[in-house]
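From first to last, the protein sequence lines are chains V and G. Using our numbering, read the first sequence as starting at 48 and increasing by one per residue. Using our numbering, read the second sequence as starting at 163 and increasing by one per residue. Heads up, the beta-carbon is just placed ideally off N, CA and C, and yes, glycines get one too.
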Amino acid sequence: MGNPVIRDDLAEAHRLAWEHIASPGTWWTAAQRVELAGTVKRAIDDADPLPPWVGPSTTEDWCDEQVAPDIAHDMAYRIGRHAGTITGDVARAAMDELGELPYVELCAIASTVGAVMHFCRNIGIDVPDFPAPVDGEPTREHPELATPELNWVPVAAPADETAAVVQAYTGVPAELENTWRMADAQYMPPSEMIHPDWMRRADGLTRAQTELVAARVAQLRECFY
Amino acid sequence: MLSWSSAKTGETADLTAVAAGDGETRLEHGDALLQFATACAERDDDALAAARTALVGETDEAFMVDAAAVAGNFEMMTRLADSTGARMPASVLEDRAQAIGVMGVSTLTSKR
């Protein structure tokens, strides 16, 4: 069987996601973002993964000439491979070292890489290489922030007026935009969430079939949410 | 969302089968989808190839790609939720208590 045909909107969302990874971020440079994405990729690919409590920066084969801090790589690995084991204390320690919004951006890099890598494996194609990092400085732009009850990370004010997964990346709007552009193409547009009979096309997955796949993957990833 | 969407459309998906990864889901192509979703989240490439072929055989390639994209989406959303500590309000947890019990997720480390 040759490579499956990927519908245009999905292929474009993933192309833009990789372009986004390799662009200057809000808190990380493009070089740091690509490097961290590489650590996420390694974590997902690892045939003999490190346990959740061991970061790659503590291993003998670690190259200490990285442009991103070791703890960022350690968290990138953990989110990539063992996200369900992350506790509030672990996240807090990472935010204390990296800063809260840089941590949010790191989470978004990891979740973006996870989506594209797994999609490629799911349909049996190679994962594309990350593009070369684009020169430029992080924008450091952020909205007015609030401390939510429903997330560990700060979010755009006002907090807790939308679901926790929707508000999670609002503190870093560029990541929010990329994530929900991907979700539109991979799952469904947010405006359709309330419609139990929504289908992307006439002979596509029903909503219940869609949710069956979602539920099974989330269960096997041990994600309580 | 599965129990809600299936109830709203008159289908009655069996969460027990989904949780077990086996059994009669009561959805059209449900068994092939369940095997495919399971293989997507596990690490056996041969099992994934077989599940992919079976799903395409029952449906078509575009259907399989759509299912693969949904699985990819929840690789994204689970990492988002688990790394940012996303949790549901207590009222939502009460509404979903039955589904939470059937899916066996109430003992997960990621419960918060």
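**Request:** State the DSSP-derived secondary structure class of V/V137, mapped to helix, strand or coil.
**Result:** Of the three classes helix, strand and coil, the one that applies to V/V137 here is helix, per DSSP.
**C-beta atoms of V/L57 and V/Q256 nearer than 8 Å** = no
**Prompt:** If we ignore side chains and look at the alpha-carbon of each, how far apart do V/Q79 and V/D111 end up?
**Reply:** When only Cα atoms are considered, V/Q79 and V/D111 end up about 14 Å apart.
**Request:** Assign V/V202 to one of three DSSP states: helix, strand, or coil.
**Result:** strand
**Request:** Check the DSSP bridge columns for V/A279 and list the partner residues they point to.
**Result:** Look at the range of chain V in this structure, 48 to 272, and you will see that residue 279 of chain V is not part of it.
**Prompt:** Tell me which same chain residues have a C-beta within less than 8 Å of the C-beta of V/R125, skipping the five on either side of it?
**Reply:** For V/R125, where only same-chain residues beyond five positions count, the Cβ hits under 8 Å are A90, P99, G102, T132, I133 and V137.
**Prompt:** Can you tell me whether V/G135 is buried or exposed, with buried defined as 16 or more other CB within 10 angstroms of its CB?
**Reply:** exposed
**Asked** Rounded to a whole number of angstroms, what is the C-alpha to C-alpha distance between G/D184 and V/Q214?
**Response** Taking the straight line from one Cα to the other gives about 34 Å.
**Asked** For G/E237, does the count of other Cβ atoms within 10 angstroms reach 16, so buried, or fall short, so exposed?
**Response** Residue environment for G/E237: buried (at least 16 other C-beta atoms within 10 angstroms of its C-beta).
**Request:** Measure the alpha-carbon distance for V/E196 versus G/V232 and round it to whole angstroms.
**Result:** When rounded, the distance between both Cα atoms is 28 Å.
**Request:** Find out if the Cβ-Cβ distance for the pair V/E184, V/A204 is shorter than 8 Å.
**Result:** no
**Asked** Along the chain, where does the alpha helix (DSSP H) that runs through V/P149 open and close?
**Response** E147 to I170
**Message:** Any heavy atom of the ligand GDP inside 7 Å of the beta-carbon of V/N169?
**Reply:** Ligands are entirely absent from the displayed structure, and the ligand GDP is therefore not among its contents.
**Request:** Report, in whole angstroms, the separation of the C-beta atoms of V/I118 and V/A155, which I expect to be a contact under 8 Å.
**Result:** Not really, about 17 Å apart at Cβ, beyond 8 Å.
**Item:** Minimum Cβ-Cβ distance from G/D228 to chain V less than 8 Å
**Value:** yes
**Request:** Pull out every residue of the region 59–89 of chain V whose Cβ sits closer than 7 Å to any Cβ of chain G, in chain order.
**Result:** Listed by position, the residues of the region 59–89 of chain V near chain G (Cβ gap below 7 Å) amount to none.
**Asked** Do you know whose CA, among V/G85, V/A211 and V/G251, lies nearest V/M164's CA?
**Response** V/G85
**Item:** 8 Å Cβ cutoff, V/M142 in contact with chain G
**Value:** no
**Message:** Under DSSP, the alpha helix (DSSP H) around V/W65 begins and ends at which residues?
**Reply:** D55 to I68
**Asked** From what residue to what residue does the alpha helix (DSSP H) around G/S245 run?
**Response** First-last of the alpha helix (DSSP H) with G/S245: E223 to T246.
**Message:** Report the CB separation of V/V81 from V/P180 in whole angstroms; it is logged as a contact under 8 Å.
**Reply:** 5 Å between Cβ atoms; contact.
**Request:** Anything in chain G within Cβ reach of V/E147, meaning under 7 Å, just list it in chain order.
**Result:** Within chain G, no residue comes near V/E147; the closest Cβ sits about 11 Å away, beyond 7 Å.
**Asked** Which residues, taken in chain order from the region 228–247 of chain V, show a beta carbon closer than 8 Å to some beta carbon of chain G?
**Response** M229, A230, A232, Q233, Y234, P243, D244 and R247
**Item:** Extent of the continuous alpha helix (DSSP H) run through V/E258
**Value:** R254 to L267
**Prompt:** DSSP state of V/T217, grouped into three classes?
**Reply:** coil
**Prompt:** Since G/A175 is in the alpha helix (DSSP H), which residue starts that stretch and which ends it?
**Reply:** Per DSSP, G/A175 belongs to no alpha helix (DSSP H) and is neither H nor E.
**Item:** Inter-residue spacing [alpha-carbon to alpha-carbon] between V/P201 and V/T209
**Value:** Distance from the CA atom of V/P201 to the CA atom of V/T209, rounded to whole angstroms, is 14 Å.
**Request:** Identify, in the order they occur along the chain, each residue of the same chain with its Cβ nearer than 6 Å to the Cβ of V/D176, setting aside the five sequence neighbours on each side.
**Result:** none
**Reference G/M226; option with closest CA among G/H191, G/A181, G/G172 and G/E186** = G/H191
**Item:** Three-pair Cβ contact test at 8 Å for the region 247–266 of chain V versus the region 214–226 of chain V
**Value:** Three or more beta-carbon pairs separated by less than 8 Å are not found between the region 247–266 of chain V and the region 214–226 of chain V, which leaves the two stretches without contact.
**Item:** Rounded straight-line distance, which links the Cα of G/T240 to that of G/A252
**Value:** 20 Å
**Request:** Starting from the beta carbon of V/I133, find every residue of chain G whose beta carbon is closer than 7 Å, and list them in chain order.
**Result:** The CB of V/I133 comes closer than 7 Å to the CB of D244 and S245 in chain G, given here in chain order.
**Message:** Please report the distance separating the alpha-carbon of G/A203 from that of V/V264.
**Reply:** Distance between the alpha carbons of G/A203 and V/V264 is about 6 Å.
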